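Comments concern the structure below.
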Amino acid sequence: MSSTQKDQHGARRQRSQEADKPHRRQREKTYSCDECGKSFTRAEHLKSHKPVHSGVKAYSCDLCGQSFTRAGNLKRHQLIHSGVKPYSCDLCGQSFTLAGHLKRHQLIHSGVKPYSCDLCGQSFTRAGNLKRHKFIHSGVKPYSCDLCGQSFTHAGNLKAHQLIHSGVQAYSCDLCGQSFNRAGSLKRHQLIHTGVKPYSCDLCGQSFNRAGNLKAHQLVHSTVKAYSSDQCDKALTHSSSLQNHQVTHSGFKAYSCHICGKTFRWPGNRNIHLRIHTKNDVCCCDQCGKVCVTYKNFEQHKLTHTEERPYKCELCEKTFKSPHYLKSHQKIHTREKLYKCSYCEKQSDTDGSTSQPCRHCGGGKVFRCDLCGKTFSHLKGLKIHQHRHTGDEMNYCKECGKGFPTSSALKQHELCHSGVKKHVCDQCGSSFTTAGNLKEHKSAHRRETIQVQTL
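In full-length UniProt numbering, the protein residues as written are 1 to 455.
Following this line, the structure appears as C-alpha cells:
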C-alpha cells in the first residue's frame, strides 16, 4: 500500500470513528421502569434501580445498622465511619467525603437559592429541600414513633429519631471523644473545634458556624413569637421550641437509661446521665467532690474555686467565669428596645404584654397561697412555696432534717455541714461556703475603702 493510500485509509477510519462518537453518546434508553417510568440504557441499571420501589435493603452497615438498596450506596456511607474527607471547602474549611457533597455545600456560601416555595416564598439551594419543606404546609406526618408519639413527614426522619431512644451512638469525634447517633450531628459538632464561624449577624455582629443558626438568631431581633402554647400563654419563635416546651406540660419521660432505668424528658439529659455509669467520662473535683460528666463542665467548675474570670465583654470590659454568663450579659448591649414596667418601674426587654410579662414582677400578676395568703409574682415561686405546707416532694437534709423545696437549695445548704469553704477572699483570706456569702463579704471591703477615701 502506497503512502497516499495509507493516508486516505487513515482519514476514512478517523471519519468513521468521529461518526461513531455521537451515536455512543446518544444511546437510546430502551429499558423502562414499570413503577415510575424512569428509563435506562442498560438492563443492569434498571435492575439496580428496582429495589428502590420494593423497599428491600439488602446491604447493611455493620457499624450502625443503616441499610441500603445498593452496594454502592453502602460503600459511600461507610466513608462516614472511616473519617476520610478529602474534599474541603476553601471558604469555611468544612470537609466532605464526596465531591458532590462539597459542591452542594458551596451553594450555601454563594447565596443562590433557585428553588422557591409558591406558598410562603421561602427559597432553597436544593430541590429536595424544597420538597421536604412543602410537607410543613400540608401538615401531613404519616410516620409516628411508637415510643414517644412524635410524628414525622418522612420515614428516614423517623428512623433517625428512633436511634435516640436506642442510645446507639455510632459516630464519634476523634478530637474530644463525644459520640453521636447521627453523622450530621457529628459533622455539626466538629465545627466547634475548627472555630470557623462564617455566618455573621448584620445587626449585632454575632457570628455562627451554620447558616441555620444565624437564621434562628435573627428572630431574636425581630421580636416575632408566632408559636404560642395553648396551656400556659408562653410564646416562642420556633415551632421546634414550642414542641420541646409542651413536653414539660405532659410530664412524659420517653428516654430511659438502660443501666439503672432512670427516665428523662430529653435525650440529651439521658446521654449526659449515661456517662455517670462509665467512670472514664466522669471528672471529680478534688476540692469539693463535685462530679462533672463532661470535661468542659469540669473546667468551668474549677473556676468557682478561684477568682479567675477569663471571659471578657469587648464592649464594657466586664468579666465572667463562664461563656454562658458572658453570652447572657452581651444581650444587654444588643437589645434594640427597653420597656419600662408600669407596675415596678424597672426596665426590661419585654413589652409587658400578656405573652411577654415583665421579667422582674411578672407584669402585675399576683399568685396567692390559699393556706397562708403569701403572694408571688411568678407561678413557679408559688409552687415552690406550697411544698412547705404539704411536704410533698420536699428535699430533706440528712444531717439536721431541714426541708427544702428544690434539690439545688438542699445542695447549697449541705455545704454548711460539710465544712468546705471553697470561696476565698483575695483581700483578707477569709473563706466562705457559697459565692453569695463571699460577694456580700467583699462589699464590706468596698464600703471600708469608700469610708477611708472620704476621711
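Each residue gets a CB set at the ideal place from its N, CA and C atoms; glycine is no exception.
Note that the structure is predicted; figures quoted are calculated from it, not measured.
Query: Sub-8 Å separation of F432 and H441 beta-carbons; Result: yes
Query: Continuous alpha helix (DSSP H) stretch holding T194: start and end; Result: A183 to T194
Query: Limits of the alpha helix (DSSP H) - the one that G100 falls within; Result: A99 to S110
Query: The stretch 185-195 touching the stretch 99-110, judged by at least three CB pairs closer than 8 Å; Result: no
Query: Candidates Q218, C316 and Q162, of which the one nearest C148 by Cα; Result: Q162
Query: Residues bridged to H423 (per DSSP); Result: F432
Query: Extent of the continuous alpha helix (DSSP H) to which A58 belongs; Result: No alpha helix (DSSP H) holds A58; DSSP gives it neither H nor E.
Query: Extent of the continuous alpha helix (DSSP H) run through I259; Result: Element bounds for I259: n/a, residue is neither H nor E.
Query: Residue closest to G111, alpha-carbon to alpha-carbon, out of S407, H329, S328 and A211; Result: A211
Query: Buried versus exposed call for C120 [16 or more other C-beta atoms within 10 Å across all chains shown]; Result: exposed
Query: C-alpha gap between C428 and E299, whole angstroms; Result: 26 Å
Query: Opening and closing residue of the alpha helix (DSSP H) in which R76 lies; Result: A71 to S82
Query: Every unbroken alpha helix (DSSP H) within the UniProt domain "C2H2-type" (395-422), with a cutoff of 4 residues, ordered by chain; Result: 407-418
Query: Delimiting residues of the alpha helix (DSSP H) encompassing H49; Result: A43 to H49
Query: Reduced DSSP category for T30 - H, G, I as helix; E, B as strand; rest coil; Result: coil
Query: Proximity to L315 [Cα-Cα], best of E308, Q206 and Q287; Result: Q206
Query: Whole-angstrom distance between G419 and R182, CA atom to CA atom; Result: 45 Å
Query: Between the CA atoms of E399 and C425 - distance to the nearest angstrom; Result: 28 Å
Query: Distance between G261 and D34 (C-alpha atoms, nearest Å); Result: 50 Å
Query: Three-state secondary structure assigned by DSSP to S172; Result: strand
Query: First and last residue of the uninterrupted alpha helix (DSSP H) at R132; Result: A127 to S138
Query: Closest by C-alpha distance to G128, when choosing among D146, R104, G139 and Y143; Result: R104
Query: DSSP bridge partner residues for R368 (one or two, in chain order); Result: T375
Query: For R65, the nearest candidate out of C369, A160 and K321 (CA to CA); Result: Note that residue 65 corresponds to Gly in the displayed sequence, not to Arg. Of the listed residues, the one whose Cα sits closest to G65 is A160.
Query: For S116, the nearest candidate out of I108, L107 and L130 (CA to CA); Result: L130
Query: Residues bridged to F124 [DSSP beta-bridge criterion]; Result: Y115
Query: Collapsed DSSP secondary structure at S328 in the structure displayed; Result: helix
Query: Whole-number beta carbon distance between H305 and K411, since they are thought to touch under 8 Å; Result: Wrong, their Cβ atoms sit about 16 Å apart, outside the cutoff.
Query: Assigned secondary structure, K21 (DSSP; H/G/I helix, E/B strand, else coil); Result: Confidence at K21 is low in this model, with a pLDDT of 45, below 50, so its placement is unreliable and the value that follows should be read with caution. Residue state, collapsed to three classes: helix.
Query: Three-state secondary structure (DSSP) of S322; Result: coil
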